[in-house]
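Enquirer: Have a look at this one before I ask anything.
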Amino acid sequence: MGLFNNNPRANTATARKQNRRVQQARPRPVPAPAPVARKPAVAAGVKGVRVNRRVDAPRAGAKPAVQGPRVGLRQMVAAVPRVGARGRRFFSLAARLAIALTLAWGVLLAVQSGYQYVTTSARFEAKSLVFQATPHVPVDRLQALLGLEPGTNILAVDTDALQAKIAAEPWVKRASVQRSLPDTLIVEVEEHEAAAALLSGYFYLIDRDGVPFKRLEDGERGELPVITGVDREQLVAGDARAQAAIRRGLTALNEYQSTPRPRLSEVHVDEGGAVALYTAKTGAALRLGRGDVAPKLARFDALRAALGERAEQLAVVHLDLDATPGTPERVVASFLDPAAEAAVLARGAGAQKPVAKDIVEAPGAKEQGPVAPAPAKGKPGKGKKKKAATGNKFASGIPKYD
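Heads up: the sequence shown begins at 1 in the UniProt record's numbering, then just goes up one per residue.
Set out below in structure tokens:
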């Protein structure tokens, strides 16, 4: 047979066999697996952040982790889109309030713990007392008023209560209690200074401001003069007239005591404000009347200088006589001793200047005016001797005790 067979059927079968061999030799195509989508390490929604694919690439067979930036309070609030602007503001305020309450609670606990420590520590135990004793509040009396038990913590002491307790003492005008850490109390006390005694139903001690601060007890008066003539009902009611009478009496008393003069036992103030002073030794009455007392006491000083030793025999001296313009000032006086009165009258009768019948000029008192007795009916000085007030009455006639 030749190389080529002219039989078409044979050629077709041969071609089929050859095609089968070629098909068997060629490999069959295998479909490639679907590519795995890689997730970026950084959220795609964040702008301006570059992704390092080599570093942030996920491991084989492992799910890549997503790392985002740190989210603050504002981002958390902004991440709630459904509540709106009002909801976000409310959430922000609620978060801030919670933080503030937490901090306040912590501070409160710290303060409570610190207070508990300092109020129970032995380091702050009250051990020392600094106090300058006063005449009527000695140290033992002050300790009794304080009433501090051993071991009392100085920070647990109520200084206001102790201060009020000390100030309630009759003689105490003002009190102060202060702490000096770690263990000392400083107490300052100012007492009333008694200026006179006041008789208004009961006896009281009054200070220089005219304030009655306690009832008079035995041995407390000493040589203090007594102010009389103040109505008790007005005093209890706080009437201004009672206060005015007390101030009037204190003014006359202070002016009288500004210069060495005989000691007084009584200062009487009547309803109209007229003042009468009574000496302690002889009970001599000095009628000052109303108005300024300084010039009237100057007349009394001139009269005493003119009379010399006989001034101790004065019974009543009227210093409230107002002279008419162009005439000398007058002082009318009467004496306890008729002999002293007669001697003064005799000296006045021999004076060169003519004077009135009822006026006698005292020697050495020409600048101050004449001196005359007061020989009126019913008054001492006309042959009668007036004794100093004794018993249970003052020189003004007011009973000493109700």
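Built from N, CA and C at the ideal position, the CB exists for glycine as well.
For K384, I'd like the list of residues in its chain whose CB is within less than 7 Å of its CB, leaving aside the five on either flank, ordered along the chain.
Expert: Residue confidence is low: K384 scores 40 on pLDDT, short of 50, so the model does not pin down where it sits. No coordinate-derived value is stated.
Enquirer: DSSP on E125, reduced to helix/strand/coil?
Expert: Residue state, collapsed to three classes: strand.
Enquirer: Does any CB atom of chain D fall closer than 8 Å to the CB of L97?
Expert: Of the chains in the structure shown, none is chain D; there is only one protein chain.
Enquirer: Thinking L286 and V267 are a contact (beta carbons under 8 Å), I'd like their distance in whole angstroms, please.
Expert: So it is not a contact: roughly 10 Å between Cβ atoms.
Enquirer: Decide yes or no for the touch test of the stretch 129-141 against the stretch 160-174: beta carbon pairs closer than 8 Å, at least 3 of them.
Expert: Touching, yes, given that three or more Cβ pairs across the two stretches are closer than 8 Å.
Enquirer: Can you tell me where the alpha helix (DSSP H) with A144 in it begins and where it stops?
Expert: Per DSSP, A144 belongs to the alpha helix (DSSP H) from 139-146.
Enquirer: Less than 8 Å between C-beta atoms, sequence neighbours within five positions excluded: which residues of the same chain meet that for F124?
Expert: V118, N153, I154, L155, L181, P182, D183.
Enquirer: Is the beta carbon of L235 less than 8 Å from the beta carbon of A196?
Expert: Result no, Cβ atoms of L235 and A196 do not sit closer than 8 Å.
Enquirer: According to DSSP, what are the bridge partners of A276?
Expert: Paired residues: H268, R287.
Enquirer: Per DSSP, what kind of secondary structure is A306 in: helix, strand or coil?
Expert: Helix.
Enquirer: Could you tell me if G308 is buried or exposed, where buried requires 16 or more neighbouring beta carbons within 10 angstroms of its beta carbon?
Expert: Looking at its Cβ environment, which holds fewer than 16 other Cβ atoms inside 10 Å, G308 is exposed.
Enquirer: Exposed or buried, S258, counting other C-beta atoms within 10 Å across all chains shown (16 or more means buried)?
Expert: By the neighbour-count rule (16 or more Cβ atoms within 10 Å), S258 is not buried but exposed.
Enquirer: For V177, which three-state DSSP category applies?
Expert: If DSSP states are grouped into helix, strand and coil, V177 belongs with the strands.
Enquirer: Near E190, which residues of its chain fall below 7 Å by C-beta distance, leaving aside the five closest residues on each side in sequence?
Expert: Contacts found: K173, R174.
Enquirer: According to the Cβ coordinates, are D320 and G289 closer than 8 Å?
Expert: Going by C-beta atoms, D320 is nearer than 8 Å to G289.
Enquirer: Please classify A194 as buried or exposed, where buried requires at least 16 neighbouring CB atoms within 10 angstroms.
Expert: By the neighbour-count rule (16 or more Cβ atoms within 10 Å), A194 is buried.
Enquirer: Measure the C-alpha to C-alpha separation of G369 and V211 and round it to an integer number of angstroms.
Expert: With a pLDDT of only 42 at G369, under 50, the local geometry of the prediction cannot be trusted, and the value read off the model is given with reservation. When rounded, the distance between both Cα atoms is 39 Å.
Enquirer: What residue range is occupied by the uninterrupted alpha helix (DSSP H) comprising L250?
Expert: Its alpha helix (DSSP H) spans residues 240-257.
Enquirer: To which residues does DSSP link H136 through a beta bridge?
Expert: For H136, which the question treats as bridged, DSSP gives no partner whatsoever.
Enquirer: I'd like to confirm the pairing. Which residues does DSSP put opposite F203 in its beta bridges?
Expert: Partner(s): L199.
Enquirer: Who pairs with F300 in a beta bridge, going by DSSP?
Expert: BP columns for F300 are empty, so no partner.
Enquirer: Which term fits S200, buried or exposed, when burial requires 16 or more other beta carbons within 10 angstroms of its beta carbon?
Expert: It counts as buried.
Enquirer: Going by C-alpha distance, which of E220, V293, E223, L224 is nearest Y256?
Expert: Among E220, V293, E223, L224, the Cα nearest to that of Y256 is on V293.
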